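Heads up, the thing below is written out as structure tokens.
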Amino acid sequence: MLALLLLPLVAAKTIRPGAACGKCLDVAGVNGDAGAARISSAVTLNDCNGSSSQNWDVSSSGDTVIRLSGTTWCVDVGTSRRGPTPGWTPENGAKAKLYPCEAPPGFPTGIPAGELFQYDGAKLRIKEKALGDFCLDVENGNTGSGAQIQMWTCYAGNPNQQWGIL
Numbered sequence: 001m002l003a004l005l006l007l008p009l010v011a012a013k014t015i016r017p018g019a020a021c022g023k024c025l026d027v028a029g030v031n032g033d034a035g036a037a038r039i040s041s042a043v044t045l046n047d048c049n050g051s052s053s054q055n056w057d058v059s060s061s062g063d064t065v066i067r068l069s070g071t072t073w074c075v076d077v078g079t080s081r082r083g084p085t086p087g088w089t090p091e092n093g094a095k096a097k098l099y100p101c102e103a104p105p106g107f108p109t110g111i112p113a114g115e116l117f118q119y120d121g122a123k124l125r126i127k128e129k130a131l132g133d134f135c136l137d138v139e140n141g142n143t144g145s146g147a148q149i150q151m152w153t154c155y156a157g158n159p160n161q162q163w164g165i166l
């Protein structure tokens, strides 16, 4: 948890897709209550409504985790993060979910690779470049309420991968 505390996070920001005016990153199935979030809760889009499940502690530039404000849950896009052999295997289509903002038992200390992003003012990229160039992405460009958020290979100008932190 110490490594997480060293990142300069800005509290209670919304994360909005560039392709969907009025939509915000949200936690599915919690009816706006961040306190109801659980491990593996899906990260989706929803109408911006000011609820606690749409408030994120995130840096507006550089290295960042995306932590659900007031909780210890972070957006994670690892595909094998909690298995018998913890590790992170990036792949197109890996769904964004909530996991504790810490390395699980058996992980090297620090922030898991699937939780550490870089924000450049438009894209939220997985920081670990050795694993590939993956960005947070709106699945299939679906900007309706409940649309899934996933990892996908970064492409310049892809509107599904444009994000604003407000």
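For what it's worth, UniProt numbering labels the leading residue of the sequence shown as 1, then goes sequentially.
Ideal placement from N, C-alpha and C gives every residue a C-beta, glycine not left out.
Since this is a predicted model, take the numbers as computed values, not measurements.
- With a contact defined as Cβ atoms closer than 8 Å, Ser60 and Ile165 qualify at about 5 Å.
- Distances from the CA of Asp137 to each of Leu25, Ala34, Thr64 and Ser69 were compared; the closest alpha carbon is that of Leu25.
- Straight-line spacing of the CA atoms in Leu45 and Thr143 works out to 7 Å.
- In the three-state scheme derived from DSSP, where H, G and I count as helix and E and B as strand, Pro100 is classed as strand.
- The C-alpha of Arg67 is placed about 10 Å away from the C-alpha of Tyr99.
- The beta-carbon distance between Pro112 and Met151, rounded to whole angstroms, is 14 Å. This is too long to meet the 8 Å contact definition.
- Per DSSP, the continuous beta strand (DSSP E) segment holding Asp63 begins and ends at Gly62 to Thr64.
- Apart from the 5 residues on each side of it in sequence, Lys123 sits with its Cβ closer than 8 Å to the Cβ of Cys135, Leu136, Cys154, Gln161, Gln162 and Trp163 in its chain, given in chain order.
- Membership of Gly164 in the beta strand (DSSP E) is indicated by the continuous run Trp163 to Ile165.
- Residue environment analysis places Arg38 among the exposed positions, since fewer than 16 neighbouring C-beta atoms fall within 10 angstroms of its C-beta.
- Annotation: Gly29 to Ser69 spans about 17 Å, alpha carbon to alpha carbon.
- Between Ile149 and Ala96, the beta carbon gap of about 4 Å places them in contact (Cβ cut-off 8 Å).
- Membership of Leu116 in any beta strand (DSSP E) is not indicated, and neither H nor E is assigned to it by DSSP.
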